[in-house]
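Number of protein chains: 4
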Amino acid sequence: MPSPCRIDVHFHLIPPFYQEAVYAAGAGPAIGRYPDWSPERALELMDQSGIALALTSLAQPGVQFGDPAKAAALARRCNDYASELCRRWPKRFGAFAVVPMWELREAVSEIDHALGALKHQGVCLFASYGEKFLGDAYFDPVMAALNERDAVVFVHPALHPSSRKLDLPWPGFMMEYLFDTTRAAVNLVFSGTMERFPRIRFVLAHAGGLMPYFAWRLSISPMIDARLEQLSPADIHARLDHFWYDNALSPTAETLACVERIAPGGHVVFGSDWPFANGRVIAEALKTYQAVAMPQAAREAIDRANALSLFPRLA
Amino acid sequence: MPSPCRIDVHFHLIPPFYQEAVYAAGAGPAIGRYPDWSPERALELMDQSGIALALTSLAQPGVQFGDPAKAAALARRCNDYASELCRRWPKRFGAFAVVPMWELREAVSEIDHALGALKHQGVCLFASYGEKFLGDAYFDPVMAALNERDAVVFVHPALHPSSRKLDLPWPGFMMEYLFDTTRAAVNLVFSGTMERFPRIRFVLAHAGGLMPYFAWRLSISPMIDARLEQLSPADIHARLDHFWYDNALSPTAETLACVERIAPGGHVVFGSDWPFANGRVIAEALKTYQAVAMPQAAREAIDRANALSLFPRLA
Amino acid sequence: MPSPCRIDVHFHLIPPFYQEAVYAAGAGPAIGRYPDWSPERALELMDQSGIALALTSLAQPGVQFGDPAKAAALARRCNDYASELCRRWPKRFGAFAVVPMWELREAVSEIDHALGALKHQGVCLFASYGEKFLGDAYFDPVMAALNERDAVVFVHPALHPSSRKLDLPWPGFMMEYLFDTTRAAVNLVFSGTMERFPRIRFVLAHAGGLMPYFAWRLSISPMIDARLEQLSPADIHARLDHFWYDNALSPTAETLACVERIAPGGHVVFGSDWPFANGRVIAEALKTYQAVAMPQAAREAIDRANALSLFPRLA
Amino acid sequence: MPSPCRIDVHFHLIPPFYQEAVYAAGAGPAIGRYPDWSPERALELMDQSGIALALTSLAQPGVQFGDPAKAAALARRCNDYASELCRRWPKRFGAFAVVPMWELREAVSEIDHALGALKHQGVCLFASYGEKFLGDAYFDPVMAALNERDAVVFVHPALHPSSRKLDLPWPGFMMEYLFDTTRAAVNLVFSGTMERFPRIRFVLAHAGGLMPYFAWRLSISPMIDARLEQLSPADIHARLDHFWYDNALSPTAETLACVERIAPGGHVVFGSDWPFANGRVIAEALKTYQAVAMPQAAREAIDRANALSLFPRLA
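Sequence order for the protein chains is Z, B, U and A.
Every letter in the first sequence is one number past the one before it in the numbering used here, and letter 110, counting from 1, is 110.
Every letter in the second sequence is one number past the one before it in the numbering used here, and letter 33, counting from 1, is 1033.
Every letter in the third sequence is one number past the one before it in the numbering used here, and letter 145, counting from 1, is 2145.
Every letter in the fourth sequence is one number past the one before it in the numbering used here, and letter 13, counting from 1, is 3013.
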């Protein structure tokens, strides 16, 4: 039994009123129906999995569904709900705020509220909104607000509308989620967004989508295509250096080695993806992760210490 | 200087008449314009890169552009052209045939011609045609023909139409190509196509797209989503075992380790992706690949011996 | 700070009366003078180093000094002293008995007492007595007694007399100790002693002396010299498989990898060599050991679980 | 079949007149009797083993046997014989001169002759002469002569007289050889000899004896014993940095990793130890060595390039 020391940055909350609203709009999560969720079930899973504290976030579709006019109010209610968990179990929960992105004014306002009054640990942004991906200049007002606050941004995958055109029967979490996160990461790097808003710390879900696997290819892309900004491999790696990664559903030694090649400063934090990753899946992931050969300090860093350097208030 | 022993399974030909036809249809390659190509330039790059023999293939868009009625004739002409290279330089070139997939009857007929009369070493299929991906039952007649011939199928990425809806400025080769190959690989596995046509050997371009990076996630996907066929991780790995991989544009130790975790039998072959990967890019890739720590026999296997086990006639 | 879970199999006691007797005989330890020792200092070091329980043993010269007629009585007194520590701190100490080897009858008798009445966890034998090394048929009566009791034998280095002829100024612990253990290990393997007394579990100090470094050479020695029993490399490795190793003063990744190559079943246990390895040395060793990349379960096995499989009564 | 590119620094010659002299004195090699030797057999083994060029040396006992008054003349004759091989097969043989060490004046004189007139690539010294080991100040006149010539010294094990007192039946090459080399290496480091004669390059046979396995222990020895010169671990590692190593009879990945930890500059060269390692043994060693995972350039360095940096005239 692991000692309960882990800080989990990829842990979902599903407030009952939120679940109802999603179903009422004919939407739902990538796995079809929501799994059972309650704070007590959350704590039970955490105890079983050595998780001392979990930073909650809303999964896709966030508040981007149904009536746009209601998104800001729903976001506020969800964020207040998350704060209530933190108040009730202050040693067990933190929160990434959901942001209503249909109106950027509303987004900035909710960021102010969540990071200010509510003292959330950061915000959760989706990798894409519509067909636009993080890194698009359209989102700059939000990025400016986050940069000003030295915010931690947890980048969670979504499903862009055109992905529904694919003639494939597989649920989004199997592949498209990963592609979504990957596109956001690449767009943040090559659009220069990370350079313009250097104080934001982006934490990429699921070991960076798939980006670490082909980071070499990215690093020489300007050599392949003269139309790209002629960044050197070193330039590109310097930008990649700023990302953080959670290890949710990505527990193998090989995957971690790809991440560590581009995240030399130890930018890996623990993530479980509960409850979409159910208890059985998390137990398998932990077994695999614990079997990875690593120095004792490296394991303690992923389990806890790296998260504390992102969120010193949790210490 | 490497000794010229390598067999390159990912090497493109661009017949002059083909390039004209693509441009005339307003199409082009993922990097915009075709690079200079001639058999002599090909041989020069091969000599510089230790490549004894290259198996040529047509890159995307293959013959899927312009007037569908002309696709079969264009495919025939391209395949004959490739055979001409093999006749003229029998020690230096082999060929993967292009297949006209708009009409499956035409596809089967061209497969018969290319693998029969022309004695090509295999065929090149794109990962997707329209919004359908390899593994779709629609392609079964082609798979049946290939299975009957114990064919080697080189799976090369394409760009499905809906990917153009993405509001992103990056050329397809940077990411979408990799997602395309990945979807084909996953669809071949989970649709059961590989089980139904077990005699086909699929060689996935670019280290499998991105699939090896998240093979663990794939292996537990049925635990996450009860709607999926309830294959065990061992079942899924047993299917993955059948894939082969080229290492074009994927030379790092970490990427190779991900591949080898799911390809225990040594199913990795050398690929360069010339000329879309130009000489400078290939030199960088070779430098990185040669710096990977591996047993001498493992290197010789990737460079040459594994390809000979796929293509014994080349010995 | 490590949690205090380790079981230390290489931990010395220096009873005050014993130290006086050694000095009185003009003898002493390999480092010249005895370091300060008391049970309280021992417990302090254990607490600092995450050591829950230590198995004590007498270092060289054991009771092989001075008047042979007094050796048996001194051994008895030392073993009773060790038992007293175990009684007083039953959760913190276990014991390997010292054996008076000048008279094998006395040796067998003390083994009976220590493993029977005193319930010591095993015995400590020196790698050599005089110019004879463990494995010499001369010691067979002792081996027979140990085999009958399924004993654990901790093999600690000594200094054979002829090593004093070496015209070298370095203290024995720097090299000769390691050669001594190595000779015992090789002699146990090639003399067939381990085959004849298969129930003894031998724990080799200091990562096996140096034997794991040249195990390959040992495995092909019969190919080099026809006068040797013509064991195959597999035969020799099968014999090596039975050894256990402590990691005292041997904390690097490279050294451990050599051991694990020949001890596939996880036969490595934790050792500190206190107080000859003083607190500063042990802190350095722990730092190095903790930086070795290993699965979580492998570390827990070395720290504790492997020792419990040798000494189930400690659980 | 390996391409014949290797430079072998550990390759013995056994001139017929020398073998007779050894037998006549009642001496012999560590394996009892000399194996068959001739230049033609040597070339045959080299061709089978990918060895382009071998640097010959006399094994133990060198010329330290029989009548001391004849040692210098025998050394001269052996060195002239080695030169004759080099003249006859200039692309296949180089030579390390044997040095008559009973009279240091004779030793210096023969060094002058061999490195001057004969242009040998270096000299072979034994790790010990009598009970003295390299590093002993007694040998300083020889070291001074070698330092002045920037000589390469191949350190080959011998058997010091007191080792015959060991009550063990195993031939010297099984263990005592390795201890002998190890003592020389440690003595060279801790005596300060390497500091005083910094221009000599010492190549240690058999992967350094056993020294790389316990280099960590050496590095903290001054912390254990206050009587030692209080060198820091960094000081000691800086001295170890100067050694070179051959990989004769030491082909495993684990052994090589120990060496590379203390020889970061790539100071490993190829060695076979023929004919004491016979063809079957060398084939096994090559199989194991070739299975070690290493970058292509690292393998080429061990096989050839590192030797060329020691012996640029061979290029």
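Virtual Cβ for every residue (Gly too), placed ideally from N, Cα, C.
What you are looking at is a predicted structure, and each value in this text was computed from that prediction instead of being measured.
- Query: Name the chain B residues whose beta carbon is nearer than 7 Å to that of A/V3292?
  - Reply: Position 292 of the fourth sequence, counted from the start, is the residue given in the question as residue 3292 of chain A. Near A/V3292 (Cβ distances below 7 Å), the residues of chain B are P1295.
- Message: Within 10 Å of its beta-carbon, does B/M1001 have 16 or more other beta-carbons around it, so buried, or fewer, so exposed?
- Response: In the second sequence, counting from the first residue as 1, residue 1001 of chain B sits at position 1. Residue placement at B/M1001 is flagged as unreliable, the pLDDT there being 39, under the threshold of 50; the coordinate-derived value follows with that caveat. Classification for B/M1001: exposed.
- Task: Express the C-alpha separation of A/A3059 and A/H3206 in angstroms, rounding to a whole number.
- Result: As a working note, residue 3206 of chain A is residue 206 in the fourth sequence. As a working note, residue 3059 of chain A is residue 59 in the fourth sequence. Looking at the two C-alpha atoms, the distance is approximately 13 Å.
- Message: Considering only the alpha carbon of each residue, which of B/V1203, B/L1178, B/N1187, B/F1202 lies closest to B/Y1213?
- Response: Here residue 1213 of chain B corresponds to residue number 213 of the second sequence, with the count starting at 1. Selection B/V1203, B/L1178, B/N1187, B/F1202 evaluated against B/Y1213 yields B/L1178 as nearest (Cα-Cα).
- Task: Apply the 10 Å Cβ neighbour rule to Z/A114 and answer buried if 16 or more other Cβ atoms are within range, or exposed otherwise.
- Result: Taking the first sequence and counting its residues from 1, one reaches residue 114 of chain Z at position 114. Flag for Z/A114 reads buried.
- Query: Closest to U/G2032 by CA distance: which of U/F2173, U/V2108, U/L2055 is it?
  - Reply: Position 32 of the third sequence holds residue 2032 of chain U. The shortest Cα separation from U/G2032 among U/F2173, U/V2108, U/L2055 belongs to U/F2173.
- Task: Please list, in chain order, all residues of the same chain as Z/A25 whose beta carbon is under 6 Å from its beta carbon, the five residues on each side excluded.
- Result: Position 25 of the first sequence, counted from the start, is the residue given in the question as residue 25 of chain Z. Excluding residues within five positions, the ones whose Cβ falls inside 6 Å are F65, G66.
- Query: Do you know offhand how far A/A3318's Cα is from U/D2180's?
  - Reply: Not covered by the structure: residue 3318 of chain A. The range shown for chain A is 3001 to 3315.
- Query: Which partner residues does Z/S128 have in the DSSP bridge list?
  - Reply: Counting from one through the first sequence, the residue named residue 128 of chain Z turns up at place 128. The partner list for Z/S128 (beta bridge, DSSP) reads Z/F133.
- Query: Residue ranges of each beta strand (DSSP E) run of no fewer than 3 residues wholly in the stretch 3110–3182 of chain A, ordered along the chain?
  - Reply: Restricting attention to beta strand (DSSP E) runs no shorter than 3 residues, the stretch 3110–3182 of chain A encloses them at 3122–3126, 3152–3156, ordered along the chain.
- Item | DSSP state of U/A2075 mapped onto helix, strand, coil | By 1-based counting over the third sequence, the position of residue 2075 of chain U is 75. Looking at U/A2075 - three-state DSSP - the assignment turns out to be helix.
- Task: Determine, using beta carbons only, whether B/R1299 comes closer than 8 Å to chain A.
- Result: Position 299 of the second sequence, counting from 1, holds the residue named residue 1299 of chain B. By this cut-off, B/R1299 is an interface position.
- Can you tell me the Cα-Cα spacing of A/Y3034 and U/M2223, whole angstroms? Taking the fourth sequence and counting its residues from 1, one reaches residue 3034 of chain A at position 34. Taking the third sequence and counting its residues from 1, one reaches residue 2223 of chain U at position 223. So the two alpha carbons sit approximately 15 Å from each other.
- Message: Does B/G1265 pass the burial test, meaning 16 or more other C-beta atoms within 10 Å, or should it be called exposed?
- Response: Position 265 of the second sequence holds residue 1265 of chain B. Burial call: exposed.
- Integer Cβ distance of Z/L146 from Z/I220, believed to fall under 8 Å: Working through the first sequence from its first residue, we reach residue 146 of chain Z at position 146. Working through the first sequence from its first residue, we reach residue 220 of chain Z at position 220. Not quite, the Cβ-Cβ distance comes to about 31 Å (not below 8 Å), so this is no contact.
- alpha helix (DSSP H) containing A/W3216: first to last residue? For the purposes of this step, residue 3216 of chain A is taken as the residue at position 216 of the fourth sequence. 3215–3224 is the span of the alpha helix (DSSP H), which, as asked, contains A/W3216.
- Task: Take U/V2268 as the anchor and find which of U/D2225, U/R2087, U/F2154 has the nearest alpha-carbon.
- Result: Your numbering for residue 2268 of chain U matches position 268 in the third sequence. Of the listed residues, the one whose Cα sits closest to U/V2268 is U/F2154.
- Message: Rounding to the nearest angstrom, what Cα-Cα distance links Z/A277 and Z/P169 in this structure?
- Response: To locate residue 277 of chain Z, count along the first sequence from 1; it is residue 277. To locate residue 169 of chain Z, count along the first sequence from 1; it is residue 169. Z/A277 and Z/P169 have their alpha carbons spaced roughly 20 Å apart.
- Query: Is the CB-CB distance between Z/A97 and Z/C86 below 8 Å?
  - Reply: Along the first sequence, one-based indexing puts residue 97 of chain Z at 97. Along the first sequence, one-based indexing puts residue 86 of chain Z at 86. Against a cut-off of 8 Å, the Cβ pair of Z/C86 and Z/A97 comes out as no contact.
- Whole-Å CB distance - Z/Y245 paired with Z/L310, under 8 Å assumed: Against the first sequence, residue 245 of chain Z aligns to sequence position 245. Against the first sequence, residue 310 of chain Z aligns to sequence position 310. At roughly 12 Å, the Cβ-Cβ gap does not stay under 8 Å, so Z/Y245 and Z/L310 are not in contact.
- Message: Just to check my reading of the structure: B/K1287 and Z/E131 have Cβ atoms closer than 8 Å, yes? What is that Cβ distance to the nearest angstrom?
- Response: In the second sequence, counting from the first residue as 1, residue 1287 of chain B sits at position 287. In the first sequence, counting from the first residue as 1, residue 131 of chain Z sits at position 131. Incorrect: roughly 38 Å between the Cβ atoms, too far for contact.
- How about B/C1124 and B/H1160: are their beta carbons less than 8 Å apart? As a first step, residue 1124 of chain B must be located in the second sequence, where it is residue number 124. As a first step, residue 1160 of chain B must be located in the second sequence, where it is residue number 160. Not in contact: B/C1124 and B/H1160 (Cβ atoms no closer than 8 Å).
- Pair within 8 Å by beta-carbon distance, Z/L256 and Z/A215: On the first sequence, residue 256 of chain Z is found 256 positions in, with the first residue counted as 1. On the first sequence, residue 215 of chain Z is found 215 positions in, with the first residue counted as 1. The answer is no: Cβ separation not under 8 Å.
- Message: If contacts are defined as beta-carbon pairs under 8 Å, then U/F2093 and U/A2030 qualify, I think. What distance do you get, rounded to the angstrom?
- Response: Reading the third sequence from its first residue, position 93 is the one you call residue 2093 of chain U. Reading the third sequence from its first residue, position 30 is the one you call residue 2030 of chain U. At roughly 23 Å, the Cβ-Cβ gap does not stay under 8 Å, so U/F2093 and U/A2030 are not in contact.
- Query: By a C-beta neighbour count over all protein chains shown, 10 Å radius and 16 as the cutoff for buried, is B/S1191 buried or exposed?
  - Reply: Counted from its first residue, the second sequence places residue 1191 of chain B at position 191. Burial call: buried.
- Message: On the criterion of 16 or more Cβ atoms from any shown chain inside 10 Å, does U/D2136 qualify as buried, or is it exposed?
- Response: For the purposes of this step, residue 2136 of chain U is taken as the residue at position 136 of the third sequence. Per the 10 Å Cβ criterion, buried.
- Pick from B/L1228, B/R1149, B/T1193 that is closest to B/F1243, judged by C-alpha positions: Counted from its first residue, the second sequence places residue 1243 of chain B at position 243. In terms of Cα proximity to B/F1243, the closest of B/L1228, B/R1149, B/T1193 is B/T1193.
- Query: Which residues in chain U sit within 7 Å of A/L3188, going by Cβ to Cβ distance?
  - Reply: Against the fourth sequence, residue 3188 of chain A aligns to sequence position 188. Under the 7 Å cutoff, chain U gives no residues; its nearest Cβ is about 12 Å from A/L3188.
- Query: Is there a Cβ from chain B that is less than 8 Å from the Cβ of Z/F139?
  - Reply: To locate residue 139 of chain Z, count along the first sequence from 1; it is residue 139. Not a single CB atom of chain B sits nearer than 8 Å to the CB of Z/F139.
- Message: In the DSSP output, which residue or residues are listed as bridge partners for B/A1095?
- Response: As a working mapping, residue 1095 of chain B is identified with position 95 in the second sequence. B/A1095 pairs with B/T1056.
- B/S1109 versus B/N1187: straight-line alpha-carbon distance, rounded: Mapped onto the second sequence, residue 1109 of chain B falls at position 109. Mapped onto the second sequence, residue 1187 of chain B falls at position 187. B/S1109 and B/N1187: Cα-Cα distance of roughly 25 Å.
- Task: Alpha carbon to alpha carbon, how far is B/L1308 from B/S1083? Give it in angstroms, no decimals.
- Result: Residue mapping note: residue 1083 of chain B aligns to position 83 of the second sequence, counting from 1. Residue mapping note: residue 1308 of chain B aligns to position 308 of the second sequence, counting from 1. If you take the alpha carbons of B/S1083 and B/L1308, they lie about 19 Å apart.
- Message: Quick check on Z/T182 - is its C-beta less than 8 Å from some C-beta in chain B?
- Response: The residue labelled residue 182 of chain Z in the question sits at position 182 within the first sequence. At least one chain B Cβ lies under 8 Å of Z/T182.
- Item | Contact with chain A by U/V2142, beta-carbon distance below 8 Å | Taking the third sequence and counting its residues from 1, one reaches residue 2142 of chain U at position 142. It does not: the Cβ of U/V2142 has no partner Cβ on chain A nearer than 8 Å.
- Query: Terminal residues of the continuous alpha helix (DSSP H) containing Z/V9?
  - Reply: Residue numbering aside, residue 9 of chain Z sits at position 9 when the first sequence is read from its first letter. Premise fails: Z/V9 lies in the beta strand (DSSP E), 6–12, not in any alpha helix (DSSP H).
- Query: For U/I2051, which of helix, strand or coil comes out of DSSP?
  - Reply: Mapped onto the third sequence, residue 2051 of chain U falls at position 51. Of the three classes helix, strand and coil, the one that applies to U/I2051 here is strand, per DSSP.
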